[in-house]
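Going down the list, the protein sequences come from chains F and Z. Going by the working numbering, the first sequence opens with residue 1, and the numbers climb by one from there. Going by the working numbering, the second sequence opens with residue 1, and the numbers climb by one from there. Idealized CB from N, CA, C, for every residue including glycine. What follows is a short report on a single structure.
There are 2 protein chains.
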Amino acid sequence: MKEIFDGFEKLKTSRREFGLGSDEVLRCIKTIFEYSLQYLNSCNRIELKSKVEGKRYFAFKSEKKITRAINSDVYETGLPLADKMFEAVRRRCFDELDADSMTAACYLSAISYCSAVDLLKSGDQKTPGTFFEYFIGHLYSRRLGIDPKKKIDVLNLDMQSTLPTDFIFDLGSNRAKFHLPVKTSTRERVIQVWAHQRLLDGVYGTGRFIGTLACMAETKTDKKKLEVVEICLPAQWRLYQMYIAQMKRIYYLDMPDAYGRLNTVFPKIPVMPFGHFFSEIDSLTQ
Amino acid sequence: MKEIFDGFEKLKTSRREFGLGSDEVLRCIKTIFEYSLQYLNSCNRIELKSKVEGKRYFAFKSEKKITRAINSDVYETGLPLADKMFEAVRRRCFDELDADSMTAACYLSAISYCSAVDLLKSGDQKTPGTFFEYFIGHLYSRRLGIDPKKKIDVLNLDMQSTLPTDFIFDLGSNRAKFHLPVKTSTRERVIQVWAHQRLLDGVYGTGRFIGTLACMAETKTDKKKLEVVEICLPAQWRLYQMYIAQMKRIYYLDMPDAYGRLNTVFPKIPVMPFGHFFSEIDSLTQ
Numbered sequence: 001m002k003e004i005f006d007g008f009e010k011l012k013t014s015r016r017e018f019g020l021g022s023d024e025v026l027r028c029i030k031t032i033f034e035y036s037l038q039y040l041n042s043c044n045r046i047e048l049k050s051k052v053e054g055k056r057y058f059a060f061k062s063e064k065k066i067t068r069a070i071n072s073d074v075y076e077t078g079l080p081l082a083d084k085m086f087e088a089v090r091r092r093c094f095d096e097l098d099a100d101s102m103t104a105a106c107y108l109s110a111i112s113y114c115s116a117v118d119l120l121k122s123g124d125q126k127t128p129g130t131f132f133e134y135f136i137g138h139l140y141s142r143r144l145g146i147d148p149k150k151k152i153d154v155l156n157l158d159m160q161s162t163l164p165t166d167f168i169f170d171l172g173s174n175r176a177k178f179h180l181p182v183k184t185s186t187r188e189r190v191i192q193v194w195a196h197q198r199l200l201d202g203v204y205g206t207g208r209f210i211g212t213l214a215c216m217a218e219t220k221t222d223k224k225k226l227e228v229v230e231i232c233l234p235a236q237w238r239l240y241q242m243y244i245a246q247m248k249r250i251y252y253l254d255m256p257d258a259y260g261r262l263n264t265v266f267p268k269i270p271v272m273p274f275g276h277f278f279s280e281i282d283s284l285t286q
Numbered sequence: 001m002k003e004i005f006d007g008f009e010k011l012k013t014s015r016r017e018f019g020l021g022s023d024e025v026l027r028c029i030k031t032i033f034e035y036s037l038q039y040l041n042s043c044n045r046i047e048l049k050s051k052v053e054g055k056r057y058f059a060f061k062s063e064k065k066i067t068r069a070i071n072s073d074v075y076e077t078g079l080p081l082a083d084k085m086f087e088a089v090r091r092r093c094f095d096e097l098d099a100d101s102m103t104a105a106c107y108l109s110a111i112s113y114c115s116a117v118d119l120l121k122s123g124d125q126k127t128p129g130t131f132f133e134y135f136i137g138h139l140y141s142r143r144l145g146i147d148p149k150k151k152i153d154v155l156n157l158d159m160q161s162t163l164p165t166d167f168i169f170d171l172g173s174n175r176a177k178f179h180l181p182v183k184t185s186t187r188e189r190v191i192q193v194w195a196h197q198r199l200l201d202g203v204y205g206t207g208r209f210i211g212t213l214a215c216m217a218e219t220k221t222d223k224k225k226l227e228v229v230e231i232c233l234p235a236q237w238r239l240y241q242m243y244i245a246q247m248k249r250i251y252y253l254d255m256p257d258a259y260g261r262l263n264t265v266f267p268k269i270p271v272m273p274f275g276h277f278f279s280e281i282d283s284l285t286q
């Protein structure tokens, strides 16, 4: 499946040449998705034993390898919506699909490439992460109408340096700046996200950067037992939110219930399916 | 070299059964070190091209594999001192060797096991990290006379939870508590260390936990070119120290000059060779 990897190389070049929010980048993402899906459709599917209440998972299989766990319902929901989602993104008409449809179509597109790589390469964690970062970054770029930066200047009396960051979308003076970390899954390293937000709050002033984290899922597959669990640390997230910094949104393509429940505690952490981003992002700056 | 891996299994058991600061753990560490050194002495040494000013590095080689970079001077200095260091640690007579001798002997002991694993296993990053964590944790335990905890209770009005942490050494009421993260190298993930310190400061009050980070080195080896560089981000450390939390000490077994220079800027970050820990740790609580 040379086309998938050629597509990924072209995606990297297009991002550099035309910018992350460009039509060229969108075309690459769509092509990569289509070839990935075509490849996966040539593989067998196996049901996984889901230990996650209310969710079913499956995986694709090729010889001895199996992919990461795929949420069956979200995947199936996404299948007839992918073309419509790409078209909506291309025309920047984000209200043509509702939040759940957007979430499902984005989930399908992201996980198809990641799963293809799971089968076609060995131990490659990096390109799925990079693809997902570009994909989410592209959607933010299209929606906000600007390309992101990945570093910002720090000016502090006699110190002068550059701070490398996750994506920063700067809407201009007197307008919001978005801080967007992107992770396929978080685990114990997620404290970094809150720490980067705190650094931005400290260096530039609280409220200047609106932190929104975008994640794919928190599943973990036992490849011998063919069992899927979700690994969530909600109590720790609450401590991070109270003692390190405030994240304005946590978006998921396959949202764990354990994090969804953080919307109902006090003080709450707003965790939502990613599709809501498209309609609510403007209101987050108010 | 079955003895090395058997020794490591026994180390894990001894830690569970007798505690990290126990004589049994010390014996395991010493045995692992001795077998590792014996194995390495049967391998060829190759000089690496050091791009680090003022430092020479070499590696051991076995068939097609080479070890991580080893600081030649510190390693050679450590060779005649290892037995004396282990004996000083056993008898808790830490002033028998000066700080540089302690640093060198500890460096030799830690890097010998890590290098043996580099040659004997493929892609095993985890056991070198665990061994190093146990080794440094053991030295703290012997020096402070108590075993560490790896989690602490959080009590906050109607919330009750447990926070998993790096090593915490609690000297008891009205005395200091040490927060000890241990890393073989730090890179961009080091922001976690400051974030954990901030969490402890926030949850329990600033000043209650004294943060000391212990690291081995910051070298990176290009295994094709056989070149060694150090990867350091001192400007970012300064931002972490100013905007996230205050670390009281950063100890290194092979200290990069770029971080050593942080002692000379204002506000300074105290970065020191690890051997100083043994004599100065009591004064850090004042």
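Chain F within 8 Å of residue i, Cβ atoms only
i, result
"residue 213 of chain Z", "no"
"residue 144 of chain Z", "no"
"residue 159 of chain Z", "yes"
"residue 108 of chain Z", "no"
Beta-carbon gap between residue i and residue j smaller than 8 Å
i, j, result
"residue 248 of chain F", "residue 208 of chain F", "no"
"residue 152 of chain F", "residue 168 of chain F", "yes"
"residue 64 of chain F", "residue 228 of chain F", "no"
"residue 254 of chain F", "residue 214 of chain F", "no"
"residue 79 of chain Z", "residue 101 of chain Z", "no"
"residue 115 of chain F", "residue 70 of chain F", "yes"
"residue 94 of chain Z", "residue 266 of chain Z", "no"
"residue 273 of chain F", "residue 103 of chain F", "yes"
"residue 30 of chain F", "residue 86 of chain F", "yes"
"residue 225 of chain F", "residue 66 of chain F", "no"
"residue 179 of chain F", "residue 21 of chain F", "no"
"residue 141 of chain F", "residue 33 of chain F", "no"
"residue 192 of chain Z", "residue 192 of chain F", "yes"
"residue 195 of chain Z", "residue 244 of chain Z", "yes"
"residue 118 of chain F", "residue 68 of chain F", "yes"
"residue 26 of chain Z", "residue 90 of chain Z", "yes"
"residue 96 of chain Z", "residue 105 of chain Z", "no"
"residue 239 of chain Z", "residue 163 of chain F", "yes"
"residue 190 of chain F", "residue 154 of chain F", "no"
"residue 212 of chain F", "residue 251 of chain F", "yes"
"residue 72 of chain Z", "residue 58 of chain Z", "yes"
"residue 7 of chain Z", "residue 28 of chain Z", "yes"
Chain Z residues whose Cβ lies nearer than 9 Å to that of residue i
i, result
"residue 163 of chain F", "235, 236, 239"
Neighbour list for residue i in chain F, Cβ cutoff strictly below 9 Å
i, result
"residue 203 of chain Z", "239, 242, 243"
"residue 192 of chain Z", "188, 189, 191, 192, 195"
Neighbour flag for residue i against chain Z, beta carbons, 8 Å
i, result
"residue 154 of chain F", "yes"
"residue 198 of chain F", "yes"
Expected contact under 8 Å - CB spacing of residue i and residue j to nearest Å
i, j, result
"residue 234 of chain Z", "residue 262 of chain Z", "6 Å"
"residue 308 of chain F", "residue 182 of chain F", "Examination of residue 308 of chain F is not possible in this model, given that chain F is present from 1 through 286 alone."
"residue 129 of chain Z", "residue 184 of chain Z", "5 Å"
"residue 40 of chain F", "residue 60 of chain F", "5 Å"
"residue 210 of chain Z", "residue 220 of chain Z", "No, residue 210 of chain Z and residue 220 of chain Z are not in contact; Cβ-Cβ is about 30 Å, not under 8 Å."
"residue 171 of chain Z", "residue 144 of chain Z", "7 Å"
"residue 35 of chain F", "residue 3 of chain F", "4 Å"
"residue 134 of chain Z", "residue 11 of chain Z", "6 Å"
Residue i beta carbon near the ligand COA (any heavy atom closer than 7 Å)
i, result
"residue 200 of chain Z", "Among the components modelled here there is no ligand, and therefore nothing to report on the ligand COA."
### Task
For the segment 165-189 of chain Z, enumerate the residues whose C-beta is nearer than 9 Å to any C-beta of chain F, in chain order.
When C-beta distances to chain F are compared with 9 Å, the residues of the segment 165-189 of chain Z below that value are 188, 189, in chain order.
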